[in-house]
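Q: The numbering used here applies: residue 24 is where the sequence shown begins, and numbers increase by one. There's a structure below that I have some questions on.
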Amino acid sequence: MTLEGIMFKDSVCFIPMALRKFPATFGTSGGDKGHFPHFFNTLENAQYEGPYPNPEYYGVEDMGDNEKEKFMEWWREQEGKTFIMRKEIEKCCIQDVMVMARGCLKFRKLYVDKFNVDPFAECVTIASTCLTVFKKNFLESEVMGVVPPLGYRQRYIQSVQALEWLYSLGLPELRWAGGTLGEITLQGSKVDGYDRQTNTVYQFHGCFYHGCEVCFKRGQVHAHLGVTMGDLYDKMRERTLELRNAGHHVVEMWSHVWDVEREHHVFPEWIKNLDPILSREALMGGRTNAVGLYARYR
24 MTLEGIMFKD SVCFIPMALR KFPATFGTSG GDKGHFPHFF NTLENAQYEG PYPNPEYYGV
84 EDMGDNEKEK FMEWWREQEG KTFIMRKEIE KCCIQDVMVM ARGCLKFRKL YVDKFNVDPF
144 AECVTIASTC LTVFKKNFLE SEVMGVVPPL GYRQRYIQSV QALEWLYSLG LPELRWAGGT
204 LGEITLQGSK VDGYDRQTNT VYQFHGCFYH GCEVCFKRGQ VHAHLGVTMG DLYDKMRERT
264 LELRNAGHHV VEMWSHVWDV EREHHVFPEW IKNLDPILSR EALMGGRTNA VGLYARYR
């Protein structure tokens, strides 16, 4: 998640271990996590001042033998001392943050120095970090393809909604993804549909990816793209203006409008099967499964 230029990531997705193990694992100094009675942390005990809580409040039953022995030694040393909840909980929070920060910085430095990979900037999990290390340092050129999840032409993938709308126009000379000749490029980018006879461009705008002002607030941040809906809408309007300034007529359709209008149309079944072909999907599946990936004819 990114908010106002600050990226938030969960450290446990990269370092799936207990925070108390960070100092020993990464060899960091500056203090350990310490002990805090999390089961004692209730509203009723918010202002507690008195003897240190009993071991069960520290989760002693879930500790390993060695850890439990060290904890009990520490707990016995607290006899006669006063436990002040508001001070202890503040100290616990500060210790947790510092221990995690030191460990995460050491973790990051190891990857940057050894593999030239910044896990927190480039990845989202330890698995994606390892894959990035592999691609940057060990993947040989022209050995195998690392294909993007949506294919190399993902920016040109058409939704079924857009195909339905373009089909409903009934224009025999229309250049579109469902036609024999496919889409056409105008002013440096592909357009959804183009009728050369009338010099008309047909653009279908998915509300989610074009910042529809009816469905979304301008300041709302797009969940996948990390920009505001207002930015997406303005970019779409700039593209439309660019096409019109070039002398083209532009007809637009929003997906929320088409959801209503499509009820008045009938579409052929093949419309649903126009998704881009993914070659890897040909190697799996029921009775058509490619059991033999290579056959030599004799």
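In this text, a Cβ means the ideal position worked out from N, Cα and C, and glycines have one as well.
Quick check on Tyr320: does DSSP put it in helix, strand or coil?
A: coil
Q: Enumerate in chain order the residues of its own chain whose CB-to-CB distance from Gly327 is below 7 angstroms, with the five nearest sequence positions on each side excluded.
A: Summary: the structure shown does not reach residue 327, with the chain confined to residues 24 through 321, and so no result is reported for it.
Q: What's the call for Ile38, buried or exposed, on a 16-neighbour Cβ count within 10 Å?
A: buried
Q: Could you give the distance in angstroms between the alpha-carbon of Leu248 and the alpha-carbon of Phe106?
A: Phe106 has its alpha-carbon roughly 48 angstroms from the corresponding atom of Leu248.
Q: Whole angstroms are fine: how far does the CA of Ile112 sit from the CA of Asn77?
A: 16 angstroms
Q: In the DSSP assignment, find the unbroken alpha helix (DSSP H) run with Gln7 in it and report its ends.
A: In the structure as shown, the chain starts at 24 and stops at 321, and residue 7 therefore has no counterpart that could be examined.
Q: So, is Asp136 buried or exposed, given that buried needs 16 or more other C-beta atoms within 10 angstroms?
A: exposed
Q: Once DSSP output is grouped into helix, strand and coil, what is the label at His272?
A: In this structure, His272 counts as strand in the three-state DSSP scheme.
Q: Less than 6 angstroms between C-beta atoms, sequence neighbours within five positions excluded: which residues of the same chain meet that for Gly50?
A: none
Q: What is the rounded straight-line gap between the Cα of Met259 and the Cα of Thr65?
A: 52 angstroms
Q: Starting from Leu209, trace the beta strand (DSSP E) both ways and give me its first and last residue.
A: 207-209
Q: Please check the pair Gln220 and Glu196, which I expect to be a contact at CB under 8 angstroms, by giving their CB distance rounded to whole angstroms.
A: 6 angstroms
Q: If the criterion is Cβ atoms closer than 9 angstroms, does the pair Cys36 and Ile149 meet it?
A: Yes; because the gap between Cβ atoms is below 9 angstroms, this pair is in contact.
Q: Please classify Asp215: is it buried, with 16 or more other beta-carbons within 10 angstroms of its beta-carbon, or exposed?
A: The residue in question, Asp215, is buried, as its Cβ has 16 or more Cβ neighbours within 10 Å.
Q: Hey, quick one: how far does the beta strand (DSSP E) through Ser212 stretch, first residue to last?
A: 212-214
Q: Among the candidates Glu187, Tyr256, Tyr320, whose CA atom is the shortest distance from the CA of Glu284?
A: Glu187
Q: Report the partner residues of Asp218 according to the DSSP bridge assignment.
A: Leu197, Thr223
Q: Assign Ile112 to one of three DSSP states: helix, strand, or coil.
A: helix
Q: Compare the Cα-Cα distances from His288 to each of Leu204, Leu192, Asn222 and report the closest residue.
A: Leu192
Q: Out of curiosity, what's the CA-to-CA distance linking His228 and Trp199?
A: The alpha-carbon atoms of His228 and Trp199 are separated by roughly 15 angstroms.
Q: Measure the C-alpha to C-alpha separation of Glu84 and Gly126 and round it to an integer number of angstroms.
A: 26 angstroms
Q: Compare the C-alpha of Met121 against each of Phe45, Glu261, His272, Ala269 and name the closest.
A: Phe45
Q: Alpha carbon to alpha carbon, how far is Tyr232 from Gln101? Give it in angstroms, no decimals.
A: 59 angstroms
Q: So, with DSSP's three-state summary, where would you put Thr65?
A: coil
Q: Leaving aside the five residues before and after Asp218 along the sequence, list all residues of the same chain whose C-beta is less than 7 angstroms from its C-beta, in chain order.
A: Excluding positions up to five away in sequence, the list reads Leu194, Glu196, Leu197.
Q: Closest to Asp119 by C-alpha separation, out of Leu26, Cys230, Lys56, would be which residue?
A: Comparing Cα positions, the closest option is Lys56.
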